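Here's the structure, in structure tokens; my notes come after.
Numbering (our numbering), first residue to last: 99 to 359.
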């Protein structure tokens, strides 16, 4: 039996070196591998290149690493909800490769599937394809580095020639993901919206580290219930069901019957 479990989050991330590239699951704060991120922060790893839909929020999720100046580059589709992310990018302290959300998902999936690149219509006719998107600013606000132009080709789609832009797949040194349940072989089950980018990030990492709320024995998971097979997962850490989970923004209203309702 291949037992992929590790005793602690700190043990599981201990060999991640400075300068590593990471694919990190989560959407907003849903499905963030926060315990693995905290362990990486505690061990002092820096100069990281991170691929994730966004960068958490100030002082939570990937925002903890960002606030500690541990991230050199982000590849993301969304900057909102994190003022420090915005500040570091606009001040020239952080490199950012903005990528359309669906394209980012497919780049991760392609990387894990052994596909080097793919063509998509997303971004055709914009700076995504034509180049010129700022990736890094100078301190004075001028553009220090811009995105390059990408290959664009026309293909016959239902009798009509349409343009598509070539997007390269993403492979990273490590992946950090969160799952609701996992077994010792690395098979994972995600909870509802927390599934999001987690399976795709896991596929893209050469070494995938998964934190799971509940660890079960091999054979306990119904095969049809498994969202990500263990072939993509190399290390599993049980973090418990009582871990702190935050949300980005809480929207509430007065209860029915109160004044003004």
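Yeah, the Cβ is synthetic: ideal placement off N, Cα and C, and Gly gets one too. Model, not experiment: these values are computed from the prediction.
If the criterion is Cβ atoms closer than 8 Å, does the pair residue i and residue j meet it?
{"i": "residue 292", "j": "residue 129", "result": "yes"}
{"i": "residue 107", "j": "residue 299", "result": "no"}
Taking the alpha-carbon of residue i as reference, which of the options has the nearest alpha-carbon?
{"i": "residue 289", "options": "326, 304, 274 and 307", "result": "326"}
{"i": "residue 347", "options": "138, 143 and 155", "result": "155"}
{"i": "residue 203", "options": "294, 311 and 256", "result": "294"}
{"i": "residue 219", "options": "245, 262, 227 and 200", "result": "262"}
Go ahead and label residue i buried or exposed: buried means 16 or more other beta carbons lie within 10 angstroms of its beta carbon, across all protein chains shown.
{"i": "residue 264", "result": "exposed"}
{"i": "residue 359", "result": "Low per-residue confidence applies at residue 359: pLDDT is 44, beneath 50, and the placement is therefore not dependable enough to give any value."}
{"i": "residue 260", "result": "exposed"}
{"i": "residue 173", "result": "buried"}
{"i": "residue 135", "result": "buried"}
{"i": "residue 119", "result": "buried"}
Would you tell me roughly how many angstroms separate the C-alpha atoms of residue i and residue j, rounded to the nearest one?
{"i": "residue 282", "j": "residue 132", "result": "21 Å"}
{"i": "residue 110", "j": "residue 352", "result": "45 Å"}
{"i": "residue 330", "j": "residue 102", "result": "12 Å"}
{"i": "residue 138", "j": "residue 337", "result": "15 Å"}
{"i": "residue 169", "j": "residue 252", "result": "37 Å"}
{"i": "residue 117", "j": "residue 147", "result": "7 Å"}
{"i": "residue 311", "j": "residue 158", "result": "18 Å"}
{"i": "residue 198", "j": "residue 314", "result": "36 Å"}
{"i": "residue 140", "j": "residue 166", "result": "10 Å"}
{"i": "residue 226", "j": "residue 189", "result": "22 Å"}
{"i": "residue 193", "j": "residue 285", "result": "34 Å"}
DSSP state of residue i, grouped into three classes?
{"i": "residue 347", "result": "coil"}
{"i": "residue 109", "result": "helix"}
{"i": "residue 338", "result": "coil"}
{"i": "residue 281", "result": "strand"}
{"i": "residue 265", "result": "strand"}
{"i": "residue 170", "result": "strand"}
{"i": "residue 315", "result": "coil"}
{"i": "residue 226", "result": "helix"}
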